[in-house]
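Engineer: This is the structure I have questions about; it appears just below.
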Amino acid sequence: MSIRAEVKGGRAPRPDLESEIDALKKAQAEHRVTLVVFSGELDRHLAALVIATGAAAMGMSVSIFYTFWGLSALKKARVFKGKTLKERMFAALTPKGLSRLPVSRMNFGGIGRGLLKKMMAERQVSSIEELFALAREMGVRFIACTMSMEVMGITTAELIDGVELGGVATYLGDAARSKVSLFI
Amino acid sequence: MTDATLLDARGLKCPMPIIRAKKSMDALPPGAVLRVVSTDPGSVLDFQGWVKSGAAYELVGQEEGTDDQGRRTFIHLLRKKT
Numbered sequence: 001m002s003i004r005a006e007v008k009g010g011r012a013p014r015p016d017l018e019s020e021i022d023a024l025k026k027a028q029a030e031h032r033v034t035l036v037v038f039s040g041e042l043d044r045h046l047a048a049l050v051i052a053t054g055a056a057a058m059g060m061s062v063s064i065f066y067t068f069w070g071l072s073a074l075k076k077a078r079v080f081k082g083k084t085l086k087e088r089m090f091a092a093l094t095p096k097g098l099s100r101l102p103v104s105r106m107n108f109g110g111i112g113r114g115l116l117k118k119m120m121a122e123r124q125v126s127s128i129e130e131l132f133a134l135a136r137e138m139g140v141r142f143i144a145c146t147m148s149m150e151v152m153g154i155t156t157a158e159l160i161d162g163v164e165l166g167g168v169a170t171y172l173g174d175a176a177r178s179k180v181s182l183f184i
Numbered sequence: 001m002t003d004a005t006l007l008d009a010r011g012l013k014c015p016m017p018i019i020r021a022k023k024s025m026d027a028l029p030p031g032a033v034l035r036v037v038s039t040d041p042g043s044v045l046d047f048q049g050w051v052k053s054g055a056a057y058e059l060v061g062q063e064e065g066t067d068d069q070g071r072r073t074f075i076h077l078l079r080k081k082t
């Protein structure tokens, strides 16, 4: 497109300036939230999902990257078949899904988790399962880190459906365009 | 102004009032007003924050009241921008 302009007493349009404006527009943060969930505890996942659903309710695009202990929340079942001894140990010692995450304090072999869940239900606070389902329904993207899956011997067959796979650049690509980015 | 649509968010805890509000707003035409009744004291600042982030809604007003069960309520009037 060519632009013709007559400028009186001013300067002519500068193409370099225009491309600079375009670049600035691209670098501007979008209406986006990016979370990294590294931890494997119920209370921390609760915080992540409250932020995620809240952001989605504010019309923001939300991505959650699950890495290391956080991956337990995305498991639908434990798989032992075809795994090495170390991988089987990891599978046995990590929670088998969102509902089985321990609490970060006073877990006492799951008693603390039971208590917290009961207290949340009594006070009509949404459960972790409800919040997770709500986040999905609202279009929150769930991305599993393939490197930590590899390290811990977690296969895609163990993960719930609809989880995307990605790496650090997937996270950074979203985080760089986000107004909010948190590591939980 | 047209009549406001009522959203009963009493008893709901964070983040549910804003999530229900978003869902109600999605079903409403531009310019419509939503009246949210909540019992969560945190909802006062929450709805102020909710309108700050997007440009899609505006907070028309907030007031306190008491419902038929004697509970303290927080009423939020929100308008979907055209």
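Same order as they appear, the protein sequences are chains A and B.
Using our numbering, read the first sequence as starting at 1 and increasing by one per residue.
Using our numbering, read the second sequence as starting at 1 and increasing by one per residue.
For glycine and all other residues, C-beta sits at the position ideal for the given N, C-alpha and C.
#1: Quickly, what does DSSP pair Asp144/A with across the bridge? List them, please.
#2: Could you tell me if Phe80/A is buried or exposed, where buried requires 16 or more neighbouring beta carbons within 10 angstroms of its beta carbon?
#3: By the 7 Å beta-carbon criterion, what residues does the segment 119-138 of chain A contribute toward chain B?
#4: Would you kindly work out how many angstroms separate the C-alpha atoms of Ser181/A and Ser104/A, rounded to a whole number?
#5: Within a Cβ cutoff of 7 Å, which residues of the same chain sit near Met1/B, ignoring the five residues on either side of it in sequence?
#6: Does chain B have any CB closer than 7 Å to the CB of Val50/A?
#7: Relative to chain B, which residues along the segment 71-93 of chain A have a C-beta separation below 8 Å, given in chain order?
#8: Heavy atom of the ligand ATP less than 6 Å from the Cβ of Gly31/B, yes or no?
#9: Residues in the same chain with beta-carbon distance under 6 Å from Val36/A, minus the five sequence neighbours each way, listed in chain order, please.
#10: Going by beta carbon distance, what residues of the same chain come within less than 6 Å of Leu116/A, once the five residues before and after it are set aside?
#11: Measuring CA to CA, which of Met138/A, Val168/A, Lys76/A and Met147/A is closest to Ala52/A?
#12: Which residue from Trp69/A, Met152/A, Ser148/A and Leu74/A puts its Cα closest to that of Met89/A?
#13: Among Lys25/A, Val33/A and Asp22/A, which has the Cα closest to the Cα of Leu172/A?
#14: Comparing C-alpha positions only, which one of Gly70/B, Asp40/B and Pro30/B sits nearest to Glu58/B?
#15: Glu58/B by DSSP, collapsed to three states: which one?
#16: Give the interface partners of Ala27/B over in chain A, defined as CB-CB distance under 9 Å, in chain order.
#17: Could you name the residues of chain A that Pro15/B contacts, counting a contact when the two beta carbons are closer than 7 Å?
#18: Do you know whose CA, among Arg71/B, Ile19/B and Asp40/B, lies nearest Val51/B's CA?
#19: Looking at chain A, is there any beta carbon in it that lies within less than 7 Å of the beta carbon of Met1/B?
#20: Under 8 Å by Cβ, that's how I've got Ala56/B and Gly59/A pegged, so tell me the actual separation to the nearest angstrom.
#21: Please classify Leu6/B: is it buried, with 16 or more other beta-carbons within 10 angstroms of its beta-carbon, or exposed?
#22: Could you tell me whether any Cβ in chain D is nearer than 7 Å to the Cβ of Gly42/B?
#23: Considering only the alpha carbon of each residue, which of Ser43/B, Asp26/B and Ala4/B lies closest to Leu12/B?
Structural biologist: By the coordinates alone:
#1: Residue mapping note: residue 144/A aligns to position 144 of the first sequence, counting from 1. A quick correction: the sequence has Ala, not Asp, at residue 144/A. Ala144/A pairs with Tyr66/A and Leu165/A.
#2: What you label residue 80/A is simply residue 80 of the first sequence in a count that begins at 1. So Phe80/A counts as exposed.
#3: Cβ contacts with chain B come from Arg123, Gln124, Val125, Ser126 and Leu134.
#4: Within the first sequence, residue 181/A is the residue found at index 181, counting from 1. Within the first sequence, residue 104/A is the residue found at index 104, counting from 1. About 22 Å.
#5: Within the second sequence, numbered from 1, the residue matching residue 1/B stands at position 1. Unreliable positioning characterises Met1/B in this predicted model, as indicated by a pLDDT of 48, which lies under 50. The coordinate reading is nonetheless provided below. Taken in chain order, the residues that qualify are Val33.
#6: In the first sequence, the residue the question calls residue 50/A occupies position 50. Taking Cβ atoms only, chain B reaches closer than 7 Å to Val50/A, which makes this a yes.
#7: none
#8: Among the ligands in the structure shown, none appear at all, so the ligand ATP cannot be discussed.
#9: On the first sequence, residue 36/A is found 36 positions in, with the first residue counted as 1. Taken in chain order, the residues that qualify are Phe65 and Phe183.
#10: By one-based count along the first sequence, residue 116/A stands at place 116. Excluding sequence neighbours, Leu116/A sits near Val103.
#11: The residue given as residue 52/A occupies position 52 in the first sequence. Among Met138/A, Val168/A, Lys76/A and Met147/A, the Cα nearest to that of Ala52/A is on Met138/A.
#12: Residue numbering aside, residue 89/A sits at position 89 when the first sequence is read from its first letter. When each option's Cα is compared against that of Met89/A, the closest is Met152/A.
#13: If you number the first sequence from 1, residue 172/A lands on position 172. Minimum Cα distance to Leu172/A is reached at Val33/A.
#14: Against the second sequence, residue 58/B aligns to sequence position 58. Residue Pro30/B is the option with its Cα nearest to Glu58/B.
#15: The residue you call residue 58/B lines up with position 58 of the second sequence. Glu58/B falls in the strand class under three-state DSSP.
#16: Locating residue 27/B in the second sequence gives position 27, counting from the first residue. None at all; the shortest Cβ gap to chain A is about 14 Å.
#17: Taking the second sequence and counting its residues from 1, one reaches residue 15/B at position 15. Those are Val50, Thr53, Gly54 and Ala57, listed as they occur along chain A.
#18: If you number the second sequence from 1, residue 51/B lands on position 51. Of the candidates Arg71/B, Ile19/B and Asp40/B, the one whose C-alpha sits nearest the C-alpha of Val51/B is Ile19/B.
#19: Position 1 of the second sequence, counted from the start, is the residue given in the question as residue 1/B. Low confidence applies here, because Met1/B scores a pLDDT of 48, under 50, leaving its location unreliable; read the following figure in that light. Output row for Met1/B: interface = no.
#20: Start at 1 with the first residue of the second sequence, and residue 56/B comes out as number 56. Start at 1 with the first residue of the first sequence, and residue 59/A comes out as number 59. That belief holds up - the Cβ atoms of Ala56/B and Gly59/A are roughly 6 Å apart, short of 8 Å.
#21: Taking the first residue of the second sequence as position 1, residue 6/B is located at position 6. So Leu6/B ends up on the exposed side.
#22: The structure shown contains no chain D; its protein chains are A and B.
#23: Here residue 12/B is taken as the residue at index 12 of the second sequence, counted from 1. Among Ser43/B, Asp26/B and Ala4/B, the Cα nearest to that of Leu12/B belongs to Ser43/B.
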